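What follows is a single structure, written as structure tokens, with notes after it.
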Amino acid sequence: MIDAVYFEFGLVEIYKYFVIVVMKEGITVKPEYNADLESLAEKYFKDKKFGYITNRKNSYAVNPMIYLKTSEIQNLVAFAVVSPDGMKATNLEVEKLFLKKPLKHFTNIEDAKIWIVEMIENPYSR
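Here the numbering used here is used: position 36 in the sequence shown is 63, and no number is missing along the way.
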């Protein structure tokens, strides 16, 4: 891990190829939080591709409009959602309508990391 940053919405861990985000219990993820992701992309991934892994340990709501802004981050190549249960995964179908980046569900963090690195190293797999 390169760094860990705490925001109003939760914890962001920064790694070489991706960020791992754990949102706080009970919050609603709002479009205005995207500014924090944009600043992290600029600071840690300037001129480098990276991926976003959300580790959905906690229960929270997502305003899907955030994904329209997230899609505008040019060097963000993929978005992974990690949740051990399928119930949270059903929300992905709605989220996919708004995010214009590859989005995939995983039941464990290690598989998500591997997929993100593959998406960065092999852009033709997208």
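For each residue, glycine too, the CB sits at the ideal point set by N, CA and C.
As the structure is a prediction and not an experimental result, all values here were calculated from the model.
Asked, Found
"Less than 7 Å separating the beta-carbons of A139 and V109?", "yes"
"Consult DSSP for K123 and reduce its assignment to one of helix, strand or coil.", "helix"
"Have a look at K131 and V56 and give me their C-alpha separation to the nearest angstrom.", "19 Å"
"With the cut-off set at 7 Å, would you say I80 and F34 are in Cβ contact?", "no"
"Using 7 Å as the threshold, is the C-beta distance between L126 and S98 below it?", "yes"
"Do you know how far the Cα of I41 is from the Cα of D63?", "13 Å"
"Any chance you could list the alpha helix (DSSP H) runs of at least 4 consecutive residues sitting entirely within the region 36 to 92, in chain order?", "61 to 71"
"Hey, would you say N82 sits closer than 7 Å to I47, going by beta carbons?", "yes"
"Sort out for me which residues DSSP pairs D112 with in a bridge.", "Per DSSP, none; premise fails for D112."
"Reducing DSSP to helix, strand and coil, say where K131 ends up.", "strand"
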